[in-house]
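Q: Each residue of the sequence shown is one higher than the last, beginning at -3 in the numbering used here.
C-beta: ideal position from N, C-alpha, C; glycine also.
Structure below; questions to follow.
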Amino acid sequence: MILGFSLGVIALTLLSWPVAAISRRHYGKPLTLDPRGRRRRLILRVICALDLVFIITFGIAFSSLEKLGGLGPHGDLWLHMIQVVGVLGAIGSLYAILAAVVTWGDKQQWVWYRVWNLLLALRVWDFSGLRTTGTCSISICATD
């Protein structure tokens, strides 16, 4: 249930990105963030995308292990690539927490934007715990 909620928050963050851009363009309301805020926002979206790529590739890798051939001759490469994405996402979770702290201190931002960034940081950090566990089990599987 926690994993589903975490993935939901991450997916909603990515899905709301183009919807918000289209809405702002339609109503003629530009994004009122300074360059640092825009960069922070973009990096958070990239972190969310990394998390989704990790969980999808993680699921595909382990579902293919049920078949007789497994991952095939390039299985170790795929597992190591999944590990790299997982580590990048885990490092990104620290950035998400930092971004939430910075955003929360910015009184110019809308309160719900600050709350969402805090929720996103908590969910990404929570997801990082699963990633760490998953990364360990992937490395164990890769050495067998």
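#1: Please confirm whether Leu116 and Ala92 have their CB atoms less than 8 Å apart.
#2: For the candidate residues Ala57, Leu29 and Glu62, whose alpha-carbon lies nearest to that of His70?
#3: Between the alpha carbons of Ala54 and Asp47, how many angstroms are there, rounded?
#4: Can you find at least 3 beta carbon pairs, one from the stretch 2 to 21 and one from the stretch 82 to 100, that sit closer than 8 Å?
#5: Measure the C-alpha to C-alpha separation of Val15 and Ile39 and round it to an integer number of angstroms.
#6: Express the C-alpha separation of Leu(-1) and Trp100 in angstroms, rounding to a whole number.
#7: Exposed or buried, Leu27, counting other C-beta atoms within 10 Å across all chains shown (16 or more means buried)?
#8: Is DSSP giving Gly4 helix, strand or coil here?
#9: What are the boundary residues of the alpha helix (DSSP H) that Pro31 is part of?
#10: By the DSSP assignment, the alpha helix (DSSP H) with His76 in it spans what residues?
#11: Just to confirm my understanding: we take Leu73, look at its own chain, exclude 5 residues before and 5 after, and list those with CB closer than 6 Å. What are they?
A: Well, looking at it:
#1: yes
#2: Ala57
#3: The question names Ala, yet the displayed sequence has Phe at residue 54. Going by the C-alpha atoms only, they are around 10 Å apart.
#4: no
#5: Computed Cα separation, rounded: 18 Å.
#6: 25 Å
#7: exposed
#8: Three-state DSSP puts Gly4 in a helix.
#9: Pro31 to Ser60
#10: Gly71 to Gly101
#11: Result list for Leu73: empty, nothing under 6 Å.
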